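Here the structure is laid out as structure tokens; the discussion comes afterwards.
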Amino acid sequence: MTDREEQPRVVIRDKRRIDPISGEVRAPAGEQPAGARPGPDLPGEQMSEHETPAAEQPAPQAAAVDGGDLAQQLSERTEDLQRVTAEYANYRRRVDRDRTLVVDQAAERFAAQLFPIVDDIERARDHGDLTGAFKVVGDRVLGLLDGLGVEAFGKAGDEFDPSLHEAVMHDTSAEVQVPTASTVLRQGFRRGDRVLRTAMVAVTEPENPAPAQEPVAGQPSGDGVGAPASD
Numbered sequence: 006m007t008d009r010e011e012q013p014r015v016v017i018r019d020k021r022r023i024d025p026i027s028g029e030v031r032a033p034a035g036e037q038p039a040g041a042r043p044g045p046d047l048p049g050e051q052m053s054e055h056e057t058p059a060a061e062q063p064a065p066q067a068a069a070v071d072g073g074d075l076a077q078q079l080s081e082r083t084e085d086l087q088r089v090t091a092e093y094a095n096y097r098r099r100v101d102r103d104r105t106l107v108v109d110q111a112a113e114r115f116a117a118q119l120f121p122i123v124d125d126i127e128r129a130r131d132h133g134d135l136t137g138a139f140k141v142v143g144d145r146v147l148g149l150l151d152g153l154g155v156e157a158f159g160k161a162g163d164e165f166d167p168s169l170h171e172a173v174m175h176d177t178s179a180e181v182q183v184p185t186a187s188t189v190l191r192q193g194f195r196r197g198d199r200v201l202r203t204a205m206v207a208v209t210e211p212e213n214p215a216p217a218q219e220p221v222a223g224q225p226s227g228d229g230v231g232a233p234a235s236d
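Quick note: the sequence shown, position 132, residue 137 per the numbering used here, numbers continuous.
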């Protein structure tokens with residue numbers, strides 16, 4: 006062994022669990038003593054700058070609260086959608102109703118302009134003048150009314166109805182039992198249940214109208230009050 010050769014290093018390890026100077030219990034080997042500064046983190050243990058520490062992770066209670074808020078928002082949005090859908094359905098029905106009303110009004114106005122022409126056609130028919138080309142034109146005009154859903158009413162012998170007939174003449178006869186349209190001076194027209202023009206008629210009434218029936222003694226009268234009972 007030469008002088009230049011290094012002498013072997015002698016390492017003495019104190020494995021006593023109690024420090025003879027301080028009297029404190031030493032930490033086992035491999036563990037960091039209390040109060041000591043932590044060593045550098047291992048590469049696999051380094052935390053990303055954007056990573057949330059475990060202590061800062063949201064608690065289960067916070068997640069439950071967030072779920073409740075989402076459910077409430079979903080319920081509110083569903084109600085809004087249902088309300089908008091109902092409003093749109095009402096709007097569509099209103100538009101369809103208005104469109105139908107406009108069509109009906111236009112059809113009735115157009116039909117009303119044809120009524121004087123139809124009156125002339127009927128007078129020509131009554132006098133036997135509706136022949137040849139005039140008959141073809143008359144039939145086409147009447148076909149227009151049929152296409153609009155307009156029908157004529159008012160015939161001699163119909164019972165007089167104030168809602169359908171306009172009485173311009175009155176007469177009496179023993180041959181009728183109720184007021185009757187004996188003569189039709191002008192036809193009436195209606196479209197469905199709507200009367201567009203009343204029929205102009207002469208009304209014949211009975212000569213001796215039946216008197217009003219009087220209540221029989223001992224029977225309740227028409228006003229619902231009974232006759233006094235006999236003693």
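By construction, the Cβ of each residue, glycine as well, lies at the ideal position given by its N, Cα and C atoms.
Since this is a predicted model, take the numbers as computed values, not measurements.
Q: Mind the definition here: the segment 196-214 touches the segment 154-172 only if three or more C-beta pairs lie below 8 Å; say whether that holds.
A: Flag = yes, the segment 196-214 and the segment 154-172 touch.
Q: State the beta-bridge partners of Ser178 as determined by DSSP.
A: The count along the sequence shown starts at 1 and reaches residue 178 at position 173. According to DSSP, which records beta bridges pairwise, Ser178 is partnered with Pro211.
Q) Start and end of the alpha helix (DSSP H) containing Arg145? A) In the sequence shown, counting from the first residue as 1, residue 145 sits at position 140. Where Arg145 is concerned, the enclosing alpha helix (DSSP H) starts and stops at Gly137 to Gly152.
**Q.** Three-state secondary structure (DSSP) of Phe194
**A.** As a working mapping, residue 194 is identified with position 189 in the sequence shown. Of the three classes helix, strand and coil, the one that applies to Phe194 here is strand, per DSSP.
Q. Quick one, are the C-beta atoms of Ser187 and Ala207 less than 7 Å apart?
A. Along the sequence shown, read from residue 1 onward, the residue named residue 187 stands at position 182. Along the sequence shown, read from residue 1 onward, the residue named residue 207 stands at position 202. Yes, the Cβ-Cβ distance between Ser187 and Ala207 is below 7 Å.
Q | Contacting residues, own chain, Cβ-Cβ under 7 Å from Phe120 (five flanking each side not counted) | A | Sequence index remark: in the sequence shown, residue 120 carries index 115 (1-based). Within the same chain, Phe120 has close Cβ partners Phe194 and Arg202.
Q | Exposed unless 16 or more other CB atoms sit within 10 angstroms - verdict on Leu150 | A | As a first step, residue 150 is located in the sequence shown; it is residue number 145 there, counting from the start. Looking at its Cβ environment, which holds 16 or more other Cβ atoms inside 10 Å, Leu150 is buried.
Q: Taking all protein chains shown into account, decide if Pro25 is buried (16 or more other Cβ within 10 angstroms of its Cβ) or exposed.
A: Here residue 25 corresponds to residue number 20 of the sequence shown, with the count starting at 1. It is exposed - the Cβ of Pro25 has fewer than 16 other Cβ atoms within 10 Å.
Q: Determine the DSSP secondary structure at Glu50, reduced to helix, strand or coil.
A: What you label residue 50 is simply residue 45 of the sequence shown in a count that begins at 1. Legend: pLDDT at Glu50 = 47, less than 50; position of this residue unreliable, value from coordinates given subsequently. DSSP places Glu50 within a helical segment (H, G or I) once states are collapsed to three.
Q. In whole angstroms, what is the alpha-carbon distance linking Thr177 and Thr209?
A. Here residue 177 corresponds to residue number 172 of the sequence shown, with the count starting at 1. Here residue 209 corresponds to residue number 204 of the sequence shown, with the count starting at 1. For Thr177 and Thr209, the distance between alpha carbons rounds to 5 Å.
Q) What's the C-alpha gap between Ala116 and Asp109? A) In the sequence shown, residue 116 corresponds to position 111, counting from 1. In the sequence shown, residue 109 corresponds to position 104, counting from 1. If you draw a straight line from the Cα of Ala116 to the Cα of Asp109, it is about 10 Å long.
(Q) Given this structure, state the Cα-to-Cα distance separating Ala111 from Leu79, to the nearest angstrom. (A) Locating residue 111 in the sequence shown gives position 106, counting from the first residue. Locating residue 79 in the sequence shown gives position 74, counting from the first residue. Distance between the alpha carbons of Ala111 and Leu79: 48 Å.
(Q) Using the three-state DSSP reduction, which class does Ala60 fall into: helix, strand or coil? (A) Position 55 of the sequence shown, counted from the first residue, corresponds to residue 60. Only weak support is given to the placement of Ala60: the predicted model assigns it a pLDDT of 49, under 50, and the question is left unresolved by the model.
Q: Mind checking who Ala204 pairs with in its DSSP beta bridge?
A: Translated into the one-based positions of the sequence shown, residue 204 becomes position 199. His170, per the DSSP bridge assignment.
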